[in-house]
Every structure is written in structure tokens, then in C-alpha cells.
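Asks: Structure provided below as C-alpha cells; questions to follow.
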Amino acid sequence: MSHYSIQCRNCGKILENTYCAFCEHCKDALLVTRYNDTRFDERAAGGVWRFNWLPVHEPTIEQPGPLVYRSGGLAKHLGLADLYIAFNGYWPERGALLKTCTFKEFEAAVVLQNARENGVEGLVVASAGNTARAFAHLSVVTGFPVVIVVPRMCLGEMWYLEHSSAVPTIAIGDGDYADSIDVARNISLSLGFPFEGGVKNIAKRDGLGIVMLEAVSKIGKLPDHYVQAVGSGTGAVGGWEMAERFVRDGRFGSRPPVLHLGQNLPFAPMLHAWEKESRALFPEDLDPDLISLITTRVLSTRYPAYSVKGGVFDALTATNGKMYGIENDAVYAGMKLFLASECIDIVPASGVAVAVLNEAVRTGAIKKHETVLLNITGGGEARLKQDHKVHTVVPKFISKNATDKDIEEKLCHVLKKSS
Ligand SMILES: [Zn+2]
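Okay, structure coming up:
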């Protein structure tokens, strides 16, 4: 018998055998994992698989977790008494061993393991960068086939741990991340592999929630505040869902942490909707031209998990949370401050998170004595490059308006090359 079932956020229906789907009644609500064991537990297994709240049965690969530690330098700079950092990246001197340098590696590991256990034979993944690298790496490590679709505008910042020819990768020459998602759906239809499902995939959210599992394991209680940069918001929702499980457990605190979420201005559709107390996003905030103006392209999705029942709007409402808009200059300042105070490099999205924390402390939204968890979603790329060679991504290009025939031709080519 499985140690979990899947439940609709809206109507409460329990779905027994469901993979990447919405409830049959409620098309606009997320499904969530219900673990039979309501008490948090850690088994003797290594890495992330020691946690009992993951939707996998018999993991076959090793997967290191995040490094969660009590901050010295940054805490002192901000005057915080109890700041914890979840560092997701490569920093072997401190025990951080994610060579893809992103927390998306947890997502990829849990999603692939969960897919395999559900009889799925391959996946199509759309990404603005980090997710692509994580899935490419786990595809090579596990031998599980993955086709990756990315926008051309993100290629400049992209790299793979493995040689690019090992993983079929398609770039949308004339579109953004949202167009990549549309093309990925078409590819998934013509290939017969499921689309990995974005925020709807419970394995994706629970995988990203590993940061909260590791943090509570380390801190011994739920933090008062949780700080993260958001693109789709999937990681923040995953963290919130894990926090709710800890509240139900009862031994780690009685309320989930207040969410402090940041977007990089001027592309900040969730920020603008939240400021207007709106569950719906506004079309003018989703203008693709705004994306070229931000420094953190990985945060550029026009399909965030905001309005859906159980998504970012509900997570912010439930935790009395806040959204922040961060200018490019503050992103760079955040990266610089973190390097100077914690002695390790971080990616621009993490620079957004540091800037959010700075702002929350400055405005008094976070008090100096409160326990804070800062999610550094990616870092250590410069450190990694001292030890490892990384590879540029060489994709096959396709138009966002590609016909099924175009897709088939490109895919035959890519799949043949990679096999
Ligand atoms: Zn339902």
C-alpha cells in the first residue's frame, strides 16, 4: 500500500492513481499529497530520501540535500539574531554538493523517481534555464529519457553539467518561456511522453519542499519567516505545503512561516496583482517585452502558479505574506552582499531573495529577534567552475508556431543524435 494519496485542494476528493492531473471536478485547483504518516520522520536513508514526506517508494539514486546553516556574516550585517540560510548549490567546503547549483535538482530527482514509479517512460520539460540543467543532469544519472524545451533568450545564461548532446534539447527561436511551455505540450503529444506538468505535478512541489524539510530538521521548529525569489512560485507553494504538514504534526509550531516573495522589476505580475488584492493577474503585467529588461531570466514565466486554488495567492493569504519588487541594481547589490558576508557566490535570483530580506528587515516586516529562513535557490557556480568543466547548451531551434510535422522532423533528428 502506498504511503500517500493525492487530494484536491478544492473539493477534498481523494484520487488514488493520479499522475500530473487536475481533479476531475475542479480544473482550477491544485492537487496535494496527503501522507498517511502525519508525523514528520527521518529514516536511515542518505540525502533527501531520509524524509518520510516524499512521493517516492524505492529511490534508486543518491541525491544530496540542501545545506541549511545558521548565518554569521549576513545575520550580523542585517542585525538579525536567528537567520538560517538554505544554500542550494555547490560549496563542498561546507558540505553543499549540488553540482547543478540549483534547488531545481530536488524537483528533478523527485519528479523522475515518481514518474518512473508511475510507469511513465519519459518526460517533456519546459524550462527557463535551471530546471533544464537539473533535469538534464538527472536524466543522464538515471538513464530516464527527458526532452527539454527552452527559450532562445535564456540560452546565454544556460549551461549543462554533461555534454549537451547527451540530452535532447530544443530551443524556441522566437518566443519566451511561456511559448516554450506551449511547444513542450505539443511535443509531449507527438512523442507520447507526458509533459512534466509544472506546478500541477505534486512530485515537483514536494521535491522543492525538501528545503523546508531540511530546514525544520536542522532548526527544530518552523521559522517565523520564509524569504524567496519567485518566477512560477512553485517552490514557494511547495515550501508552504510542507509547512502546513509540520503544523498538522503539531510538534514544530502552530503556524506556517510568513512568506516574503520577490520578483525582479519591471517584470513582476504577481507583485502587481497582490498589491491590488487580486487573484487574477493583469494582462499588461505579462507583456513579454518587460522580460528583456530584467536580469533574472529564470524568473520570467508568464504562467505563474498564482491564481490557481492552492497557489501563490492562497499561500500569501494564508500566511499574511508580502510581495516585493526588486530593481536590477538591488539584485546585484544582494549578490555582492552575500558574497562579502557569507563568502560564496550566488545566482541573480538568489540576489533578489537577499534584497527582499534586506527590505523586509528595513521596513520592520521582519523583526530582529525572529527566526528567518532565507532560501538561496541557486549558488556556487563560480566555485563549481574551479573544480568541474561545464558545457554550453547546443540545442535544435524551432519556431513557436512550428507545425506537428516540423516538431516531428526536429525531434527525430534530436532523438537520433542523443541515442
Ligand atoms: Zn476537486
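Quick note on numbering: the sequence shown equals residues 30 to 448 in my numbering.
The C-beta atom is built at its ideal place from N, Cα and C for all residues, glycine as well.
Suppose you measure from the CA of Ile201 to the CA of Ala125; what does that come to, to the nearest Å?
Replies: What you label residue 201 is simply residue 172 of the sequence shown in a count that begins at 1. What you label residue 125 is simply residue 96 of the sequence shown in a count that begins at 1. Taking the straight line from one Cα to the other gives about 33 Å.
Asks: For Lys250, which of Val422, Ala272, His106 has the nearest alpha-carbon?
Replies: Locating residue 250 in the sequence shown gives position 221, where the first residue counts as 1. Minimum Cα distance to Lys250 is reached at Ala272.
Asks: Count the other CB atoms, across all protein chains shown, that sit within 10 Å of the CB of Gly204; report buried if there are 16 or more and exposed otherwise.
Replies: Within the sequence shown, the letter at position 175 stands for residue 204. Flag for Gly204 reads buried.
Asks: Say the cut is 7 Å; is the CB of Ala58 nearer than that to a heavy atom of ligand 1?
Replies: The residue given as residue 58 occupies position 29 in the sequence shown. Answer for Ala58: yes, Cβ within range of ligand 1.
Asks: Which of the three DSSP states is assigned to Asn117 in this structure?
Replies: Within the sequence shown, numbered from 1, the residue matching residue 117 stands at position 88. Three-state result, Asn117: strand.
Asks: Can you look up Asn293 in the DSSP assignment and give me helix, strand or coil?
Replies: In the sequence shown, the residue the question calls residue 293 occupies position 264. Reduced to three states, the DSSP call for Asn293 is strand.
Asks: In angstroms with no decimal places, state the Cα-to-Cα distance between His254 and Arg214.
Replies: Sequence index remark: in the sequence shown, residue 254 carries index 225 (1-based). Sequence index remark: in the sequence shown, residue 214 carries index 185 (1-based). Approximately 36 Å, taken between the alpha carbons.
Asks: Looking at the secondary structure, which residues open and close the beta strand (DSSP E) in which Asn349 lies?
Replies: The residue you call residue 349 lines up with position 320 of the sequence shown. From DSSP, Asn349 is part of no beta strand (DSSP E); its letter is neither H nor E.
Asks: Are the beta-carbon atoms of Asn147 and Tyr33 separated by less than 8 Å?
Replies: Walking along the sequence shown from the start, residue 147 turns up at place 118. Walking along the sequence shown from the start, residue 33 turns up at place 4. Cβ atoms of Asn147 and Tyr33: not closer than 8 Å.
Asks: Does Asn404 pass the burial test, meaning 16 or more other C-beta atoms within 10 Å, or should it be called exposed?
Replies: To locate residue 404, count along the sequence shown from 1; it is residue 375. With 16 or more Cβ atoms within 10 Å of its Cβ, Asn404 is classed as buried.
Asks: Taking C-alpha atoms, which residue in Asn117, Tyr119, Gly101, Trp120 lies nearest to Asp111?
Replies: Translated into positions along the sequence shown, residue 111 becomes position 82. The shortest Cα separation from Asp111 among Asn117, Tyr119, Gly101, Trp120 belongs to Gly101.
Asks: Could you compute how far the alpha carbon of Glu225 sits from the alpha carbon of Val140?
Replies: As a position in the sequence shown, residue 225 is number 196, starting the count at 1. As a position in the sequence shown, residue 140 is number 111, starting the count at 1. Those two C-alpha atoms are separated by around 8 Å.
Asks: Got a sec, what are the start and stop residues for the beta strand (DSSP E) Val381 sits in?
Replies: Position 352 of the sequence shown, counted from the start, is the residue given in the question as residue 381. In the DSSP assignment, Val381 falls outside any beta strand (DSSP E) and lies within the alpha helix (DSSP H) extending over 377 to 391.
Asks: To the nearest angstrom, how far is the alpha carbon of Thr330 from that of Glu191?
Replies: Here residue 330 corresponds to residue number 301 of the sequence shown, with the count starting at 1. Here residue 191 corresponds to residue number 162 of the sequence shown, with the count starting at 1. Going by the C-alpha atoms only, they are around 25 Å apart.
Asks: Any Cβ of chain C within less than 8 Å of the Cβ of Gly102?
Replies: The structure shown contains no chain C; it is built from a single protein chain.
Asks: Does the distance between the C-beta of Cys52 and the nearest non-hydrogen atom of ligand 1 fall short of 7 Å?
Replies: Locating residue 52 in the sequence shown gives position 23, where the first residue counts as 1. Within the cutoff, so yes.
Asks: Going along the chain, which residues of its own chain have a beta-carbon closer than 6 Å to the beta-carbon of Val385, five neighbours each way excluded?
Replies: To locate residue 385, count along the sequence shown from 1; it is residue 356. When the five nearest sequence neighbours on each side are left out, the beta carbons in the same chain lying within less than 6 Å of the beta carbon of Val385 are those of Val256, His289, Gly291, Tyr353, in order along the chain.
Asks: Let me make sure I understand the geometry here. Which of Val175, Lys128, Thr160 has the alpha-carbon closest to that of Arg145?
Replies: Here residue 145 corresponds to residue number 116 of the sequence shown, with the count starting at 1. Per the Cα distances, Val175.
Asks: For a test of your reading of the model: does the CB of Cys37 fall under 7 Å from any non-hydrogen atom of ligand 1? Yes or no.
Replies: Position 8 of the sequence shown, counting from 1, holds the residue named residue 37. Under cutoff, so the answer is yes.
Asks: With 16 other CB atoms within 10 Å as the buried threshold, where does Ala334 fall?
Replies: Here residue 334 refers to the residue found at position 305 when the sequence shown is read from its first residue. Counting Cβ neighbours within 10 Å, Ala334 comes out buried, since at least 16 surround it.
Asks: Please give the ranges of any alpha helix (DSSP H) in the region 240 to 328, keeping only runs that are unbroken, at least 4 residues long and fully inside the region.
Replies: Considered as a whole, the region 240 to 328 harbours 263 to 278, 298 to 304 as its complete alpha helix (DSSP H) runs of no fewer than 4 residues, in chain order.
Asks: Cα separation between Ile375 and Leu319?
Replies: Indexing the sequence shown from 1 puts residue 375 at position 346. Indexing the sequence shown from 1 puts residue 319 at position 290. Their Cα atoms are separated by approximately 24 Å.
Asks: Let me know the secondary structure DSSP gives Lys446 once reduced to three states.
Replies: Numbered from 1 along the sequence shown, position 417 holds the residue referred to as residue 446. Bear in mind that a pLDDT of 46 at Lys446, under 50, signals an unreliable position, so the number given afterwards is only what the model happens to contain. It is helical.
Asks: I'd like to confirm something about Lys505: is its beta-carbon nearer than 7 Å to some heavy atom of ligand 1, or not?
Replies: Past the boundaries of the shown model lies residue 505; the chain is included only from 30 to 448, so the question cannot be answered.
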